[in-house]
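Residue numbers (the numbering used here), protein chains in the order written: chain A, 547 to 801; chain B, 20 to 430; chain C, 6 to 242.
Even glycine gets a Cβ: it sits at the ideal position worked out from N, Cα and C.
Please read all numbers here as calculations on a predicted model, not as lab measurements.
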Amino acid sequence: MNRILKYILLDILKNKFVIAYTIMLAVIGWSSFTLEDNSAKGILTLLNLILLTVPLVSILFAAIYIYNSAEFIELLISHPIKRKDIWLSLFGGLAGSMVLAFILGAGIPLLIYSDFSQSVLMLAIGIIITVIFVALAMLCTIIYKDKAKGIGLTIILWIYFALLFDGILLFLMFQFSDYPIEKPMVALTALSPIDLSRILMLLQLDSAALLGYTGAIFNEFFGNTKGMIISFMLLLGWIVLPLIISLKKFNRKDL
Amino acid sequence: MKYVFILLLFLLSGITGHTTKLHVGSDKKYKQIKQAIAVAKNGDSIIVFKGLYKEGNILINKSVTLIGINLPVIDGDKRFEVLSVKANNVTISGFRIQHSGYATLDDPGGIKVYESMNVKIINNDVYDNFFGIYIQFSKKCVIKNNRIISFGKEEQTIGNGIHCWKSDSLQIIGNSISGCRDGIYFEFVNNSTVWNNKAFNNIRYGLHFMNSNNDAYYANNFSKNGAGVAVMFSKKITMRNNHFADNWGDAAYGILFKEISDCILTGNTFDKNTAAVFMDGSNRTLVENNQFTNNGWGLKIQANCMDNIIQKNNFIKNTFDVSTNGTLLLNQFKNNYWDKYTGYDLNKDKIGDVPYRPLSLYAVIVESNPTSMLLYRSFIVSLLDQSEKKIPSLTPENFIDESPLMKALKL
Amino acid sequence: MIDIKDISKSFGKLSVLRGIDLNLNRGQCVALIGPNGCGKTTLIKIILSMVMADKGEVIINGQLITKGIAYKKMIGYMPQIGRYPQNMTIGQIIEMVQSIRNTSENLDLSLFHSFGMDGLLDKKMGTLSGGTMQKVSAVLAFMFNPPILILDEPTAGLDPISAEILKEKIIAERNNGKLIIITSHLLSELDNMVSEIIFMQEGKVAFHQSVDKLKSSTGSMNISEAILSILKSKVNE
Numbered sequence: 547m548n549r550i551l552k553y554i555l556l557d558i559l560k561n562k563f564v565i566a567y568t569i570m571l572a573v574i575g576w577s578s579f580t581l582e583d584n585s586a587k588g589i590l591t592l593l594n595l596i597l598l599t600v601p602l603v604s605i606l607f608a609a610i611y612i613y614n615s616a617e618f619i620e621l622l623i624s625h626p627i628k629r630k631d632i633w634l635s636l637f638g639g640l641a642g643s644m645v646l647a648f649i650l651g652a653g654i655p656l657l658i659y660s661d662f663s664q665s666v667l668m669l670a671i672g673i674i675i676t677v678i679f680v681a682l683a684m685l686c687t688i689i690y691k692d693k694a695k696g697i698g699l700t701i702i703l704w705i706y707f708a709l710l711f712d713g714i715l716l717f718l719m720f721q722f723s724d725y726p727i728e729k730p731m732v733a734l735t736a737l738s739p740i741d742l743s744r745i746l747m748l749l750q751l752d753s754a755a756l757l758g759y760t761g762a763i764f765n766e767f768f769g770n771t772k773g774m775i776i777s778f779m780l781l782l783g784w785i786v787l788p789l790i791i792s793l794k795k796f797n798r799k800d801l
Numbered sequence: 020m021k022y023v024f025i026l027l028l029f030l031l032s033g034i035t036g037h038t039t040k041l042h043v044g045s046d047k048k049y050k051q052i053k054q055a056i057a058v059a060k061n062g063d064s065i066i067v068f069k070g071l072y073k074e075g076n077i078l079i080n081k082s083v084t085l086i087g088i089n090l091p092v093i094d095g096d097k098r099f100e101v102l103s104v105k106a107n108n109v110t111i112s113g114f115r116i117q118h119s120g121y122a123t124l125d126d127p128g129g130i131k132v133y134e135s136m137n138v139k140i141i142n143n144d145v146y147d148n149f150f151g152i153y154i155q156f157s158k159k160c161v162i163k164n165n166r167i168i169s170f171g172k173e174e175q176t177i178g179n180g181i182h183c184w185k186s187d188s189l190q191i192i193g194n195s196i197s198g199c200r201d202g203i204y205f206e207f208v209n210n211s212t213v214w215n216n217k218a219f220n221n222i223r224y225g226l227h228f229m230n231s232n233n234d235a236y237y238a239n240n241f242s243k244n245g246a247g248v249a250v251m252f253s254k255k256i257t258m259r260n261n262h263f264a265d266n267w268g269d270a271a272y273g274i275l276f277k278e279i280s281d282c283i284l285t286g287n288t289f290d291k292n293t294a295a296v297f298m299d300g301s302n303r304t305l306v307e308n309n310q311f312t313n314n315g316w317g318l319k320i321q322a323n324c325m326d327n328i329i330q331k332n333n334f335i336k337n338t339f340d341v342s343t344n345g346t347l348l349l350n351q352f353k354n355n356y357w358d359k360y361t362g363y364d365l366n367k368d369k370i371g372d373v374p375y376r377p378l379s380l381y382a383v384i385v386e387s388n389p390t391s392m393l394l395y396r397s398f399i400v401s402l403l404d405q406s407e408k409k410i411p412s413l414t415p416e417n418f419i420d421e422s423p424l425m426k427a428l429k430l
Numbered sequence: 006m007i008d009i010k011d012i013s014k015s016f017g018k019l020s021v022l023r024g025i026d027l028n029l030n031r032g033q034c035v036a037l038i039g040p041n042g043c044g045k046t047t048l049i050k051i052i053l054s055m056v057m058a059d060k061g062e063v064i065i066n067g068q069l070i071t072k073g074i075a076y077k078k079m080i081g082y083m084p085q086i087g088r089y090p091q092n093m094t095i096g097q098i099i100e101m102v103q104s105i106r107n108t109s110e111n112l113d114l115s116l117f118h119s120f121g122m123d124g125l126l127d128k129k130m131g132t133l134s135g136g137t138m139q140k141v142s143a144v145l146a147f148m149f150n151p152p153i154l155i156l157d158e159p160t161a162g163l164d165p166i167s168a169e170i171l172k173e174k175i176i177a178e179r180n181n182g183k184l185i186i187i188t189s190h191l192l193s194e195l196d197n198m199v200s201e202i203i204f205m206q207e208g209k210v211a212f213h214q215s216v217d218k219l220k221s222s223t224g225s226m227n228i229s230e231a232i233l234s235i236l237k238s239k240v241n242e
């Protein structure tokens, strides 16, 4: 697999868009810590970045790259290399370069300016979110051969996770406000990697409100080590599942 | 001859004067404190030397001064009220008073003062009692520099650190109180001062006022209590320069106001409390020059609060600066600094040109549906908040700071 | 060398290949021709496992192509449109394909030299013209001395001189006993090069004949004439 991974990774890292993304992350990262008067605000700016911009850029860029590589993929298939290796190399190259961009751009100011355990968790979540959305992009490109449709799907997915899902949750909360809904709600958040990441991160930031107000369930679940591990497992599931589905489909796909 | 006269005077004063010193100790004239009290007259001093005194309940019914040397221990054996004061002008200082009995009916304490005046309780270790120091129907007592430590596990099985009931003109100064139900408890106590105490890790409140008026507390430190201070059914309480920190957890507050009026809350700092100030049925209270940082909620003002003035406070890094459960606001906000304010100041008068609405729509939503806290800091919530800021529809129209400060006050 | 047995493929309702049977052997240079949409590209893709056949099987050198990827070592493929990752250099592409093929011996770099590409190794693919990219594709197809060459419109987009160089190379490799499959629209340029013609129509092999037979049976001088006359006779039937 790494016979071609290296070349794909190098290609993407030299991509102008990825370089611009890195610079953008760095500018926002540094300025949010140096311009704001407290580092908590900087952390929050970065949190928004991770929950909105990073998924959008990751899913769009990965999808476009895969579509543009259609002929290249064909060429690779004509050589003695397994489809699985091609697909995983593409995934590795995309995920690796986007993660590297994230670490170089946002990670450095984060580690310098913010509390260590906070920034490590944030970095981990940013990395996982990046990889999840690359995996989702690969699923999108395999579902639609048509580029316009596929890109459309990625954008719809992003809107869904960033906005609609929470809207639905809010709606459900008000619809069922007379019932004990805390537990089902915790379970529902597993359906959105963005929500899951946000809550994990929040418990490290300003958990006061969460802790004291909504009852013990959220904190009990997300706050303890077991809940953390389960949450991270779920996040990893969001990487593995789309990737495996897309891989299975790619193995039998007509190019 | 002259010298003889002076000597005579000296001797006379020794016999008839009020400065007789009675020594208590294993190698002293009196082996028990009770024996000394029995022979003491008003105005005498009883000097108690190091040792363990288990004498059941000790009743002090004369105006004597009890002084402990090298921290003698008076032990109630977990059965008795340790010291009962039923006389005016009693001073107790330098003891370790421990292991009072436990009874919910007559509330035994380490030191209990009954209907007395000018009692001074100074510099004692009050250790592992049901109630620490209990004052009832008394006046002008001073409780100073005591260390009160208990090990309560739940509200029902432990008394208060300093419990004051139907008293007047008390001074409670420089004590440190932990592990009790309430650190300091006032019920029907008026004209009293609480100054420079530390109340921490108490199960319920650090300081608790019930039906008490015209009291003041200054420069105290309340941390890690269920709630820092609860002021209930009281009037004209002055609260100044206190520090409230880490009162954290489910239903934890820095200060809890319930049915109070005409109070003053100034110069206090609130850091890392779930809700810094919770106002329920509180009227005509001035909230000024306070520092609210890192709290879940800065101010929670219930709809039944009226005519409070909230001005010149700093609100920094709170999750929610303010919150309310009503649709109408009858309180006034002005000249506060809000770190979330994004307005501008063209005329450079250090006051923002755009009014600030400190109440976010989301705070209102959470108030009516706590589960929605789960969506905190999600994109949809900030969208809702932003649109609400532009076109207020659900938050009270008059919930507004017309003159927000551009820079934080130096407090 | 290549045995194609009863291959069928449809994309949704559209039936592209309907029972193709072919047998191709070394030393042949086969032209795969036919109108647009006749299925020749799909057939090539099936041979390369880019497209999975619905029915039938392809056996290359006795090996069923669905059984593994090793057979691709025997094939050099030159796509019609070669598009490569923008920021890879020619050198990197060659290096990468080498590492996939896992050989550094017996490299045939004659095309690389005769195209005059020695100075272009560090050029990024994104900066290359379509013609140069075709040259890269050609170089890659021939580089590993594969016994089978599949060339999809090989001369389209090449300048006349380069096209001539490529043609000579194809003839040379045919004479070396390799099996070469070419698809092309330009029938005229197939003369001298190909030894067999496969004409496909509507997903079927319309005819499969050697060029010599074709010419003699139709009395034509070149391939395009021969095919035209066959098509006319078919219409008349």
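Is there a C-beta anywhere in chain A that falls below 9 Å from the one on B/D358? Here residue 358 of chain B refers to the residue found at position 339 of the second sequence. By this cut-off, B/D358 is an interface position.
Against chain B, with Cβ distances strictly below 9 Å, would A/A754 count as a contact? Position 208 of the first sequence, counting from 1, holds the residue named residue 754 of chain A. Low per-residue confidence applies at A/A754: pLDDT is 48, beneath 50, and the placement is therefore not dependable enough to give any value.
Closer than 8 Å, Cβ to any Cβ of chain A: which residues of the segment 165-182 of chain B, in chain order? none
Taking C-beta pairs closer than 7 Å, name the residues in chain A that C/N92 reaches, listed in chain order. Taking the first residue of the third sequence as position 1, residue 92 of chain C is located at position 87. Within chain A, the residues near C/N92 are D557, K560 and N561.
Determine, using beta carbons only, whether C/T188 and C/I49 come nearer to each other than 9 Å. By 1-based counting over the third sequence, the position of residue 188 of chain C is 183. By 1-based counting over the third sequence, the position of residue 49 of chain C is 44. Yes, the pair counts as a contact, with Cβ atoms nearer than the cut-off.
Output, in sequence order along the chain, the residues in the segment 701-723 of chain A whose CB is closer than 8 Å to any CB in chain B. Hits within the stretch, in order: A708, L709, D712, G713, L715, L716, M719, F720 and S723.
On a Cα-Cα basis, can you pick out the residue from C/E230, C/E207 and C/S225 that is closest to C/S15? For the purposes of this step, residue 15 of chain C is identified with residue 10 of the third sequence, where counting begins at 1. The candidate whose alpha carbon is nearest that of C/S15 is C/E207.
Residue-chain proximity (B/L424, chain A), Cβ-Cβ < 9 Å: For the purposes of this step, residue 424 of chain B is taken as the residue at position 405 of the second sequence. Closer than 9 Å: no.
Partners in chain A for B/N388, counting only beta-carbon separations shorter than 9 Å: Along the second sequence, read from residue 1 onward, the residue named residue 388 of chain B stands at position 369. Within 9 Å Cβ-Cβ: L716, M719, F720 and S723.
Inter-residue Cα distance where the pair is C/D8 and C/L27: Position 3 of the third sequence holds residue 8 of chain C. Position 22 of the third sequence holds residue 27 of chain C. Each residue's Cα considered, the two are about 6 Å apart.
Unbroken alpha helix (DSSP H) run spanning A/F778, endpoints: Position 232 of the first sequence, counted from the first residue, corresponds to residue 778 of chain A. Counting along the chain, A/F778 sits inside the alpha helix (DSSP H) bounded by residues T771 to N797.
Can you tell me whether B/T312 is helix, strand or coil according to DSSP? Position 293 of the second sequence, counting from 1, holds the residue named residue 312 of chain B. Three-state DSSP puts B/T312 in a strand.
Find the nearest neighbour of A/L650 within the set A/G638, A/M570 and A/I589, judged by alpha-carbon distance. Walking along the first sequence from the start, residue 650 of chain A turns up at place 104. Distance check between A/L650 and each of A/G638, A/M570 and A/I589 places A/M570 closest, using alpha-carbon atoms only.
Can the beta-carbon of B/L16 be found closer than 9 Å to that of B/I329? Outside the shown range of chain B (20 to 430) lies residue 16 of chain B, about which nothing can therefore be said.
Host beta strand (DSSP E) of B/W184 (start-end): Looking up residue 184 of chain B in the second sequence gives position 165. Here the beta strand (DSSP E) through B/W184 covers I181 to D187.
Flag A/I516 as yes if its beta-carbon sits less than 9 Å from any beta-carbon of chain B, otherwise no. One cannot answer for residue 516 of chain A here, as it falls past the ends of chain A, which runs 547 to 801.
Report, in whole angstroms, the separation of the C-beta atoms of A/F796 and A/I688, which I expect to be a contact under 8 Å. Within the first sequence, residue 796 of chain A is the residue found at index 250, counting from 1. Within the first sequence, residue 688 of chain A is the residue found at index 142, counting from 1. 6 Å between Cβ atoms; contact.
C/L154 bridges to which residues according to DSSP? On the third sequence, position 149 is the one that residue 154 of chain C refers to. DSSP lists C/G81 and C/I185 as partners of C/L154.
When you compare the segment 143-155 of chain C with the segment 419-428 of chain B, are there three or more beta-carbon pairs, one atom per stretch, that lie closer than 8 Å? no
I'd like the ranges of any alpha helix (DSSP H) spanning at least 4 consecutive residues and lying wholly in the segment 108-194 of chain B. none
Any beta-carbon of chain B closer than 9 Å to the one on A/I673? By one-based count along the first sequence, residue 673 of chain A stands at place 127. No, A/I673 does not count as interfacial toward chain B.
Which of the three DSSP states is assigned to A/D741 in this structure? To locate residue 741 of chain A, count along the first sequence from 1; it is residue 195. Under the three-state reduction of DSSP output, A/D741 falls in the helix class.
What do you get for A/M747, buried or exposed, if any count of 16 or more other CB atoms within 10 angstroms of its CB means buried? One-based indexing of the first sequence puts residue 747 of chain A at position 201. A residue is called buried once 16 or more other Cβ atoms fall within 10 Å of its Cβ, and A/M747 is buried on that count.
Here's a check: name, in chain order, each residue in its chain whose Cβ is nearer than 7 Å to the Cβ of A/V802, leaving out the five neighbours to either side. Nothing about residue 802 of chain A can be read from this structure; chain A reaches only from 547 to 801.
According to DSSP, residues forming a beta bridge with C/K209: If you number the third sequence from 1, residue 209 of chain C lands on position 204. Answer is C/Q206, bridged to C/K209.
Residues of chain A with a CB under 7 Å from the CB of C/L53: which are they? As a position in the third sequence, residue 53 of chain C is number 48, starting the count at 1. Per Cβ cutoff of 7 Å: I623 and S624.
Cutoff 9 Å: A/T735 Cβ touching any chain B Cβ: Here residue 735 of chain A corresponds to residue number 189 of the first sequence, with the count starting at 1. Closer than 9 Å to some Cβ of chain B, the Cβ of A/T735 qualifies, so yes.
Which of the three DSSP states, helix, strand or coil, is assigned to B/G62? Here residue 62 of chain B is taken as the residue at index 43 of the second sequence, counted from 1. B/G62: coil per DSSP, three-state reduction.
Bridge partner(s) assigned by DSSP for A/E728: Numbered from its first residue, the first sequence carries residue 728 of chain A at position 182. DSSP links A/E728 through a beta bridge to no other residue.
What is the DSSP secondary structure of B/F252, reduced to helix, strand or coil? Counting from one through the second sequence, the residue named residue 252 of chain B turns up at place 233. B/F252: coil per DSSP, three-state reduction.
Partner residues on chain C for A/S615, Cβ-Cβ distance less than 7 Å: By 1-based counting over the first sequence, the position of residue 615 of chain A is 69. Those within 7 Å of A/S615 in chain C are P90.
When we look at the beta-carbon of B/E174 and count the other beta-carbons within 10 Å, is it buried (16 or more) or exposed? Translated into the one-based positions of the second sequence, residue 174 of chain B becomes position 155. It is exposed - the Cβ of B/E174 has fewer than 16 other Cβ atoms within 10 Å.
C/R179, enclosing alpha helix (DSSP H) - first and last residue: Counting from 1 along the third sequence, the entry for residue 179 of chain C is found at position 174. Secondary structure note for C/R179: its alpha helix (DSSP H) is the uninterrupted segment P165 to N180.
Residues in the same chain with beta-carbon distance under 6 Å from B/H262, minus the five sequence neighbours each way, listed in chain order, please. Within the second sequence, the letter at position 243 stands for residue 262 of chain B. N240 and T288.
Near-chain A residues of the segment 373-398 of chain B (beta-carbon distance less than 9 Å), N- to C-terminal order: I384, V385, S387, N388, P389, T390, S391, M392, L393, L394, Y395, R396, S397 and F398
Neighbourhood of B/F99 by C-beta, 8 Å cutoff - its chain only, sequence neighbours within 5 removed: Counted from its first residue, the second sequence places residue 99 of chain B at position 80. Only G75, N76, S119, G120 and P127 meet the Cβ criterion.
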